[in-house]
Amino acid sequence: TNLVMAEVICIDSSDDEPCQARKMNLNLSLPPGPLGIGIQQSSNGLCIVTSIPRDGASVLQVGDIIQSLNGIVMATVEGGISAWTRLFTAFSTGTRNVVVQRGQGIAAAKSGNSVKSQKKEAAPGKGKIP
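Per my numbering, residue 12 is the first one in the sequence shown, and the count goes up by one each step.
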């Protein structure tokens with residue numbers, strides 16, 4: 012099995028709210044090779060994880076916002092999904108370090124994305140990272 016390093020950083024902190032209820036930035040190390048995740052570009056240009064492998068063998072979760080890959084901020088990469096897919100593929104021979112935003116607000120977006128609905132052909136605005 013692959014060992015995954017994750018560092019949790021709570022943001023938007025307040026004294027009356029537990030860390031789990033706030034948005035968090037996670038620094039994740041993704042193993043070399045295929046990831047098998049689906050992504051889409053949100054209306055405001057964010058890279059959102061829409062599907063993960065059926066076996067659940069991913070540290071990423073549906074609804075995660077991928078903010079950066081190996082220090083490259085996704086929102087600054089021109090070309091959207093096709094460019095993001097090429098970027099993930101270009102780094103596929105080594106460990107990929109990603110920063111994702113995950114939190115309560117993001118979890119609500121997950122409910123509309125079932126694994127079954129992801130088996131359809133990718134619509135414009137969606138991509139698959141092998």
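Built from N, CA and C at the ideal position, the CB exists for glycine as well. Computed from a predicted structure; not experimentally measured.
Out of curiosity, what's the CA-to-CA distance linking residue i and residue j?
i	j	result
glycine 74	alanine 101	23 Å
asparagine 38	valine 110	5 Å
isoleucine 77	isoleucine 140	13 Å
glutamine 72	proline 42	15 Å
phenylalanine 99	asparagine 55	21 Å
Where does the unbroken alpha helix (DSSP H) through residue i begin, and where does it stop?
i	result
isoleucine 63	Isoleucine 63 -> no alpha helix (DSSP H), and no H or E assigned at all.
leucine 98	91-101
So, for residue i: in the same chain, excluding its five sequence neighbours on each side, which residues have a beta-carbon less than 6 Å away from its beta-carbon?
i	result
glycine 116	Caution is warranted here: a pLDDT of 46 is assigned to glycine 116, below 50, making its placement in the model unreliable, and the coordinate value is therefore given only provisionally. Nothing meets the Cβ criterion.
valine 84	none
leucine 57	Ile76
Could you check which residue in the options has the C-alpha nearest to that of residue i?
i	options	result
isoleucine 63	Gly49, Asn81, Gln78 and Asn36	Gly49
glycine 47	Ser79, Arg113 and Thr96	Thr96
How would you label residue i, buried or exposed, when you count the other beta carbons within 10 angstroms and need 16 or more for buried?
i	result
serine 53	exposed
serine 69	buried
isoleucine 59	buried
State the start and end residues of the unbroken beta strand (DSSP E) segment that holds residue i.
i	result
leucine 80	76-80
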